[in-house]
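Participant: This structure is in structure tokens; I'll ask about it shortly.
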Ligand SMILES: Cc1cc2nc3c(=O)[nH]c(=O)nc-3n(C[C@H](O)[C@H](O)[C@H](O)COP(=O)(O)OP(=O)(O)OC[C@H]3O[C@@H](n4cnc5c(N)ncnc54)[C@H](O)[C@@H]3O)c2cc1C
């Protein structure tokens, strides 16, 4: 570590690393400080003892419609095409999901049901609510009571630790329902995972950046030790301001890895029918992910990661999902106002903006931020 840099970058996630690489490419010096013991932030992946990939902080399915983002990341990795398929396990059966004509055929016990039958069912069942006031109403307005109770009610309660009626409508506003047989979970043009995993991609970005890196270090520890011209902050927004207005609410989860040796894996090589299975029932977990479905790895072994949602406790767990609602919106707006007035600091990424952002949005935003910083002397 030197004693002075152009930029001090807080966080070695996608936001921090992409900016370090871009700034490094025009000769600016960066120190990246990360309090975890690895780079890659929440997208970090590893291999289990059988050499099979798993995602440490929950599944990360890369997809994008942005040519810019895809071209940029493709400088650091090759890709494996991925078909992200999801089922729901409920009432002792697997159901095609997101809800589509196939699900409706199963649900109505009518294998010959047509798209028109399904549309007519939805038209009959959907509750006429023009402006849903909460998440339950938002779902009822699309699928009606029957499908809501079977597929969504329990899952939402477990995922958020509160009933759907206590959640902002925006949580489920983009409910994907396909009246045809389309089973795709996402519709983005490009859906793929880095061929060798996320970690080597992050290493390649870091190497290209020529930035110095300090792991297992809170940035506040280095403040007395280095001089810098500009701070780029991708940590939690409220923490930067010592939570002076109170803590921003988050939902979190624990991820339990189960390594599965040959004798625990059926002949076909998989323990569940698709990549992800959602559990809306009484199980204490919300989903299980068998990543081997999309990594292209061939093995007689497998692994499952089980997701147990939990209340977020600052300092004890990772902040995962911002909890949308009137109160948190107001609180976040107050912190954003402070951030706008903070001289010499750029706030980037999902935590510093207190917004749920997908990976491609974060990369796009980092490239955009670089365009603004490039023309300014730090
Ligand atoms: C459970 C879950 C599943 C997701 N699944 C998907 C998905 O399938 N597809 C998708 O596109 N996106 C997904 N995302 C979103 C994705 O994780 C984010 O878009 C991405 O991680 C954002 O990168 P970032 O750099 O902004 O934040 P982060 O990855 O969170 O990186 C911020 C880093 O800053 C560090 N830091 C914070 N404070 C300090 C400090 N004081 N000092 C030093 N370091 C600090 C943190 O340790 C962290 O490593 C998911 C997110 C979650 C939570």
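In our numbering, the protein residues as written are 9 to 386.
Note that the Cβ used here is the ideal one computed from N, Cα and C, for glycine as well.
1. For residue 273, which residues in the same chain have their Cβ closer than 8 Å to its Cβ, ignoring the five residues on either side in sequence?
2. If you measure between the beta carbons of residue 299 and residue 63, is that distance less than 8 Å?
3. If distances are taken between C-alpha atoms only, which option among 235, 362, 190 and 43 comes closest to residue 94?
4. Taking the straight line between their C-alpha atoms, what separation do you get for residue 73 and residue 232?
5. When you compare the CB positions of residue 201 and residue 303, do they come within less than 8 Å of one another, or not?
6. State the CB to CB distance for the pair residue 362 and residue 245, rounded to an integer number of angstroms; the pair is presumed to be in contact (CB under 8 Å).
7. When you compare each of 368, 347 and 370 to residue 247 by their alpha carbons, which one comes out closest?
8. Would a C-beta distance cut-off of 8 Å place residue 328 and residue 262 closer than the cut-off?
9. What does a CB cutoff of less than 6 Å around residue 127 pick up in its chain, not counting 5 residues either side in sequence?
10. Need the endpoints of the alpha helix (DSSP H) that residue 150 sits in, please.
11. My output table needs one value for residue 380: the three-state DSSP class, helix, strand or coil.
12. State the Cα-Cα distance for the pair residue 97 and residue 19, rounded to the nearest angstrom.
13. Do you know offhand how far residue 26's Cα is from residue 374's?
14. Assign residue 34 to buried or exposed, taking buried as 16 or more other Cβ atoms, counted over all protein chains shown, within 10 Å of its Cβ.
15. Given a threshold of 16 other Cβ atoms within 10 Å of its Cβ, counted over all protein chains shown, does residue 100 qualify as buried or as exposed?
16. Going by alpha carbons, who is nearest to residue 175 out of 106, 212 and 141?
17. For a test of your reading of the model: does the CB of residue 65 fall under 7 Å from any non-hydrogen atom of ligand 1? Yes or no.
18. Which residues share a DSSP beta bridge with residue 168?
Facilitator: To lay it out plainly:
1. As a first step, residue 273 must be located in the chain shown, where it is residue number 265. Non-local C-beta neighbours of residue 273 in its own chain, meaning closer than 8 Å and more than five positions away in sequence, comprise 279, 308, 309 and 310, ordered along the chain.
2. As a position in the chain shown, residue 299 is number 291, starting the count at 1. As a position in the chain shown, residue 63 is number 55, starting the count at 1. Yes.
3. One-based indexing of the chain shown puts residue 94 at position 86. For the residues 235, 362, 190 and 43, the minimum Cα distance to residue 94 belongs to 190.
4. As a working mapping, residue 73 is identified with position 65 in the chain shown. As a working mapping, residue 232 is identified with position 224 in the chain shown. Straight-line Cα distance between these residues: approximately 42 Å.
5. Position 193 of the chain shown, counting from 1, holds the residue named residue 201. Position 295 of the chain shown, counting from 1, holds the residue named residue 303. Result yes, Cβ atoms of residue 201 and residue 303 sit closer than 8 Å.
6. Counting from one through the chain shown, the residue named residue 362 turns up at place 354. Counting from one through the chain shown, the residue named residue 245 turns up at place 237. Between residue 245 and residue 362 the Cβ distance is about 5 Å, and since that is below 8 Å, they are a contact.
7. For the purposes of this step, residue 247 is taken as the residue at position 239 of the chain shown. When each option's Cα is compared against that of residue 247, the closest is 347.
8. For the purposes of this step, residue 328 is taken as residue 320 along the chain shown, with counting starting at 1. For the purposes of this step, residue 262 is taken as residue 254 along the chain shown, with counting starting at 1. No, these two residues do not count as a Cβ contact at 8 Å.
9. On the chain shown, residue 127 is found 119 positions in, with the first residue counted as 1. Short of 6 Å from the beta carbon of residue 127, and not among the five residues preceding or following it, lie these beta carbons of its own chain, in chain order: 187.
10. On the chain shown, position 142 is the one that residue 150 refers to. Its alpha helix (DSSP H) spans residues 143-155.
11. For this step, residue 380 is matched to residue 372 along the chain shown. In the structure shown, residue 380 sits in a helix (DSSP, three-state: H, G or I).
12. Residue mapping note: residue 97 aligns to position 89 of the chain shown, counting from 1. Residue mapping note: residue 19 aligns to position 11 of the chain shown, counting from 1. In a straight line, the C-alpha of residue 97 is about 37 Å away from that of residue 19.
13. Residue 26 sits at position 18 when you count from the first residue of the chain shown. Residue 374 sits at position 366 when you count from the first residue of the chain shown. Approximately 6 Å, taken between the alpha carbons.
14. Working through the chain shown from its first residue, we reach residue 34 at position 26. Looking at its Cβ environment, which holds fewer than 16 other Cβ atoms inside 10 Å, residue 34 is exposed.
15. Your numbering for residue 100 matches position 92 in the chain shown. Flag for residue 100 reads exposed.
16. On the chain shown, residue 175 is found 167 positions in, with the first residue counted as 1. Of the candidates 106, 212 and 141, the one whose C-alpha sits nearest the C-alpha of residue 175 is 141.
17. In the chain shown, the residue the question calls residue 65 occupies position 57. Yes, the beta carbon of residue 65 sits closer than 7 Å to at least one heavy atom of ligand 1.
18. Counting from one through the chain shown, the residue named residue 168 turns up at place 160. Partner(s): none; residue 168 has no beta bridge.
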